[in-house]
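Engineer: Residue numbers (the numbering used here): 123 to 312. Before we start, here is the structure in question, set down as structure tokens.
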Amino acid sequence: MKLRRVISHAFTFIMVVLFIAVFGSFITSKISGGEPGFYGYHLKSVLSGSMEPGIKTGSIIAIKPSSDTTSFQEGDVITFRESEGRLITHRVIEVVKHEVTGQVMYRTKGDNNDAPDLNAVLSTNVIGKYTGFTIPYAGYAASFAGSKTGNVTLLIVPGILLVLYAVFTLWRAISSLEETGKQPKETVSE
Numbered sequence: 123m124k125l126r127r128v129i130s131h132a133f134t135f136i137m138v139v140l141f142i143a144v145f146g147s148f149i150t151s152k153i154s155g156g157e158p159g160f161y162g163y164h165l166k167s168v169l170s171g172s173m174e175p176g177i178k179t180g181s182i183i184a185i186k187p188s189s190d191t192t193s194f195q196e197g198d199v200i201t202f203r204e205s206e207g208r209l210i211t212h213r214v215i216e217v218v219k220h221e222v223t224g225q226v227m228y229r230t231k232g233d234n235n236d237a238p239d240l241n242a243v244l245s246t247n248v249i250g251k252y253t254g255f256t257i258p259y260a261g262y263a264a265s266f267a268g269s270k271t272g273n274v275t276l277l278i279v280p281g282i283l284l285v286l287y288a289v290f291t292l293w294r295a296i297s298s299l300e301e302t303g304k305q306p307k308e309t310v311s312e
């Protein structure tokens, strides 16, 4: 009986903490323009092995958005938008200034690639800097969540869990009421 109560309180506490964390993340994501993020950091899925072994394929990484995209240095790992709109995370191997415009550009290379990237990255295309925070293989789950099947699953499964939790709580309350009603009344004998 006591163990069940402890488990119930622990489960409720965990659900409340998760709700607050997800709600806070949702609010900060909407404030930052809808990018998936967590308290000021953008979360990105890694889809290739160009940065292995440091960043594994299928990982989720945290990117700190930067307002000054001209301040990165050689050795920094940055995330940038390629000409086709794809996001790439590679290491800066050289910082160069355009001869005519004076615009800062970065030559980049994936740690696992043999050669540097063909084109220099304009500082205006840089999204932010890799923070060093990685969750291995969580990117596979994020990709699944972004699919139609994942969306349906992630809506239905939590809904079923909430209904089951409500039924369990209701059953526990009814059982508690029945137990208090079944206790024999004390009779006074004279």
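All C-beta atoms in this analysis are idealised placements derived from N, C-alpha and C, irrespective of residue type, glycine included.
For the pair the stretch 244-251 and the stretch 188-208, tell me if three or more CB-CB distances fall below 8 Å.
Structural biologist: yes
Engineer: Tell me where the alpha helix (DSSP H) around A264 begins and ends.
Structural biologist: In this chain, the alpha helix (DSSP H) harbouring A264 covers A260 to G268.
Engineer: Are the stretch 236-245 and the stretch 256-266 in contact at 8 Å, needing three or more beta carbon pairs?
Structural biologist: no
Engineer: Go ahead and label F194 buried or exposed: buried means 16 or more other beta carbons lie within 10 angstroms of its beta carbon, across all protein chains shown.
Structural biologist: buried
Engineer: Fully enclosed by the stretch 184-272, which alpha helix (DSSP H) runs are 4 residues long or longer?
Structural biologist: Qualifying alpha helix (DSSP H) stretches, in chain order: 260-268.
Engineer: Determine the DSSP secondary structure at L165, reduced to helix, strand or coil.
Structural biologist: In the structure shown, L165 adopts extended strand secondary structure according to DSSP, grouped into three states.
Engineer: Which same chain residues, not among the five before or five after N273, have their C-beta less than 8 Å away from its C-beta?
Structural biologist: A267
Engineer: Measure the alpha-carbon distance for H220 versus Y163 and round it to whole angstroms.
Structural biologist: 30 Å
Engineer: One question on the structure: do G232 and I182 come within less than 8 Å of each other, judged by their Cβ atoms?
Structural biologist: no
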